[in-house]
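K.L.:
First to last, the sequence lines map onto chains A and B.
The opening position of the first sequence corresponds to residue 2 in this note's numbering, with each subsequent residue numbered one higher.
The opening position of the second sequence corresponds to residue 2 in this note's numbering, with each subsequent residue numbered one higher.
Protein chains: 2
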Amino acid sequence: MKHPTIHDVAARAGVSKSLVSLVMREAGNVSESSRRAVLDAARALGYRPNRAAQALVRRRSQILGVLVSDLHNPFFHDAVDGIDAAAVEHGYRALLSTGHLVTKQEAQAIDTLLELRVDGLVLASPRVTSATVAEAAQSVPTVVLGRSVRVDGVDSVHNDDRLGGGLVVDHLVERGHERIAHIHGGKGAGARPRRSGYEAAMNRHGLGEHILAVPGAFTEQGGVDGMRRLLTTKPLPTAVFVANDLSAMGALGVLDDAGITVPDDISVVGYDNLRAVEYSRISLTTVDQPRYDMGSIAVALVLERLEEGRRTDRDVVLPPTLVVRDTTAPPRRRR
Amino acid sequence: MKHPTIHDVAARAGVSKSLVSLVMREAGNVSESSRRAVLDAARALGYRPNRAAQALVRRRSQILGVLVSDLHNPFFHDAVDGIDAAAVEHGYRALLSTGHLVTKQEAQAIDTLLELRVDGLVLASPRVTSATVAEAAQSVPTVVLGRSVRVDGVDSVHNDDRLGGGLVVDHLVERGHERIAHIHGGKGAGARPRRSGYEAAMNRHGLGEHILAVPGAFTEQGGVDGMRRLLTTKPLPTAVFVANDLSAMGALGVLDDAGITVPDDISVVGYDNLRAVEYSRISLTTVDQPRYDMGSIAVALVLERLEEGRRTDRDVVLPPTLVVRDTTAPPRRRR
DNA sequence: CCGGCCCTGTGGAACGTTCCAGGCTGTCGC
DNA sequence: GCGACAGCCTGGAACGTTCCACAGGGCCGG
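(1) Quick one: what does DSSP say ASN160/A is sitting in, helix, strand or coil?
(2) Would ILE298/A and VAL158/A qualify as a contact pair, given that the criterion is a beta-carbon distance under 7 Å?
(3) Could you name the residues of the stretch 21-43 of chain B whose beta carbon sits closer than 8 Å to any beta carbon of chain A, in the order they occur along the chain?
(4) Which same chain residues end up closer than 6 Å to PRO332/B when comparing Cβ atoms and leaving out the 5 residues on each side of it in sequence?
(5) Following the continuous beta strand (DSSP E) through VAL145/A, name the residue where it begins and the one where it ends.
(6) In or out: THR329/A buried (at least 16 other Cβ within 10 Å) or exposed?
(7) Would you mind stating whether ALA11/B and LYS18/B have Cβ atoms separated by less than 7 Å?
(8) Is LEU20/B buried or exposed, if buried means 16 or more other CB atoms sit within 10 Å of its CB?
(9) With 9 Å as the limit, tell me which residues of the stretch 78-93 of chain A have their beta carbon closer than that to any beta carbon of chain B; keep them in chain order.
(10) Please list the terminal residues of the continuous alpha helix (DSSP H) segment that includes GLY223/A.
(11) Using a C-beta cutoff of 7 Å, does HIS73/A count as contacting chain B?
(12) Once DSSP output is grouped into helix, strand and coil, what is the label at GLY15/B?
(13) Figure out for me which residue from ALA277/B, ALA43/B, SER34/B, LEU65/B has the closest Cα to the Cα of ALA301/B.
(14) Is the stretch 242-253 of chain A touching the stretch 218-230 of chain A, taking contact as three or more C-beta pairs under 8 Å?
(15) In the structure shown, what three-state DSSP assignment does ARG333/A receive?
(16) Would you say THR130/B lies against chain A (beta-carbon separation less than 7 Å)?
(17) Does the count of Cβ pairs from the stretch 162-170 of chain A and the stretch 183-196 of chain A closer than 8 Å reach three?
(18) For GLY191/A, name the three-state secondary structure that DSSP assigns.
(19) Identify which residue in ASP85/A, LEU96/A, ARG13/A has its Cα closest to the Cα of GLY41/A.
(20) Measuring alpha carbon to alpha carbon, tell me which residue in VAL324/A, ARG230/A, GLU136/A, VAL303/A is nearest PRO142/A.
(21) If you draw a straight line from the C-alpha of ALA108/A to the C-alpha of ALA137/A, how long is it?
(22) State the Cα-Cα distance for the pair TYR293/B and LEU307/A, rounded to the nearest angstrom.
(23) Return the chain-ordered ranges of every beta strand (DSSP E) run that is complete within the stretch 247-278 of chain A and spans a minimum of 3 residues.
(24) Bridge partners for HIS183/A per DSSP, in chain order?
(25) Let me check understanding here. Comparing Cα to Cα, which of VAL317/A, ASN30/A, LEU115/A, VAL324/A lies closest to ARG148/A?
(26) Verify whether the separation of the beta carbon atoms of ALA110/B and SER98/B is less than 7 Å.
(27) Between ARG52/B and chain A, is any beta-carbon pair separated by less than 7 Å?
(28) Can you give the Cα-Cα distance for ALA86/B and VAL69/A, rounded to whole angstroms?
(29) Quick check on this structure: which residue in ASP9/A, GLN63/A, LEU23/A, ASP71/A has the alpha carbon closest to the alpha carbon of ALA43/A?
(30) Pop quiz: SER62/A and VAL119/A are said to be a contact at Cβ under 8 Å. What is the actual Cβ separation, rounded to whole angstroms?
(31) Since ASP79/B is in the alpha helix (DSSP H), which residue starts that stretch and which ends it?
(32) For SER62/B, does the three-state DSSP call read helix, strand or coil?
(33) Report the start-end ranges of each alpha helix (DSSP H) in the stretch 93-157 of chain B that is 4 residues or longer and not cut off at the edges.
(34) Taking the DSSP output, what are the residues bridged to ASP289/A?
(35) Alpha carbon to alpha carbon, how far is ASP112/A from VAL16/A?
(36) Please list the residues of the stretch 113-130 of chain A that have a C-beta atom closer than 7 Å to any C-beta atom in chain B, keeping them in chain order.
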């Protein structure tokens, strides 16, 4: 339980602590014999460099902090894969922390990361206020993933949610739908633009009168609540665009319980293209975002500030793509 | 980008660094006026204590490291919830790292955590060798979650996979099945005992001759491969116990593609009771493990060693429970 | 009025590293 | 034979904290 230090290694190898340091970080100008002696001593003692001490003197920890707002949402898993891979590739390690969708806990998680003096911060769909984000960005390069952000000093990478919302409506209209409703994502990342994309497209198609957006959330429960609400509307919509796949799952469950068949009675579209959704009761039509790439781009953005000294803000927007599967069909002739 | 230090705060507040330290960690014996002055100065400067420096001098970081073998497997999400909650409750923070199911990456992730001098380590279904686990345990209290482990100095918490495997067979036998096959989980955590539970139960029911275990893995792909293999066997089994839910999803997909109806033609049982599985094509019969509790127990085990100085090894085994849903039915009369 | 103690506050050492300035050898060129 | 220089190695300062020993002042009791 007692950690050997560089001094212990030095003593055992019969050299100075400086030499050990030189060997450990593979600096040049060390004789082969000393190198060997040090390495042997280190192995024998089970020496492991203390990153905290290292970070203190170099002012770099080589660690990137990642805040994941909701570990349960598969959207983040691929993003984290991308983050992790990019970080490692550039000699950094990613450390995750989560706030379980609770603002205060998220803020504390960010605090912990910042106190640890991570070199950069990736906030995946954070729920915290932009003031908190701005504050973080003041001490370390920070990028927000999954939502557009207008805070000074903060970069962001996200897909074009507005466009994605439009894509969905276009597809449904093409299939012949007019009464297309939307269960929106509340304060979730990207929820607003998805909704406005929906509304704009509806208007564009001359279906403004059929616009109907009911509240939901980016969780299963959100979809359940939204769909229940929707089922009380007088002429049932013939198609529903649900804010994300997770909530679409919930919505599908409600429809099933109500004996409403998808897509015969009603068409459903989600957003995110989660893998699990392919295996759902019925394969969901959805919108895909390049999650993995978003993760690696986020890291690239952090590194640009960190290593190249960029000071201007960047907002990277990636295009979403429609994935048509089995939950969308033309509407029933008449109801 | 320059982090203010305790000295900066001291200068601004007109006191000594020691006083600032006293105030920041809420030690007693500080006058109200000094406290206020320090707090104001800290706020004005945006001071944030440096955990690395703190950790260096107290030999505690108040951080628990968590290695998650596969972020994509929902099994871990609840476990992490439990870990996080328990950690926070005891004044620690959990930091996650992942190895993406690759042994070497996992080992590196553990290394990073150890170099950071986390106070304890929770390894969730690690893929690394027990030598690596033992090594980690030598420098810090370590508990393995999700698999039983026989390494000295390491605690573990897991469900009784052997019992779970038996539960599944009992259920199927009770429904009238005899040709019950198993797609096992390879080297996955708990895969071996689940398999031996299956085999023992088969023998117990006098169905030893029908034992048929084909290789799989704890991933969707594992289930796909296993089921494809199974479909080539001469008299098709009437029921299949798949090593975990994730692979059961894959297996169900294969059956669907082959035009085989579940549960009419064949019954399927998974393991883990993932939430998504309730919403799958057809609600999966599965075995539930108390994931959240496993997480909090893991933390408790770490803390027992850390704060109470326990030195004996503990192996906590939790009971699994069968969750009967829609993928199991009596076998077809004759085929 | 003095000794002691409590209360508040201070400086310095230590934690485990890195980095800098510099110190030996030994070789080479002239 | 001597200066220069390369190659290898060293001690000490610094990083931002905590903690310890101690200091000054006020107050109390005798």
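A virtual CB, placed ideally from N, CA and C, is assigned to each residue, including glycine.
P.N.:
The answer reads as follows:
(1) strand
(2) yes
(3) The stretch 21-43 of chain B vs chain A, Cβ under 8 Å: nothing.
(4) GLY177, HIS178, THR239
(5) 143-146
(6) buried
(7) yes
(8) buried
(9) HIS78, ASP79, VAL81, ASP82, ASP85, ALA86, VAL89
(10) 221-231
(11) yes
(12) coil
(13) LEU65/B
(14) yes
(15) In this structure, ARG333/A counts as coil in the three-state DSSP scheme.
(16) no
(17) yes
(18) coil
(19) First, the residue type needs correcting, since residue 41/A is Asp and not Gly in the sequence shown. Closest in alpha carbon position to ASP41/A, among ASP85/A, LEU96/A, ARG13/A, is ARG13/A.
(20) VAL303/A
(21) 10 Å
(22) So the alpha carbons of these two residues sit roughly 38 Å apart.
(23) 268-270
(24) ALA214/A, PHE242/A
(25) VAL317/A
(26) yes
(27) yes
(28) 15 Å
(29) ASP9/A
(30) 6 Å
(31) 76-90
(32) coil
(33) 104-116, 131-140
(34) ASP273/A, THR322/A
(35) Cα to Cα, the separation comes out at about 40 Å.
(36) THR113, LEU115, GLU116, LEU117, ARG118
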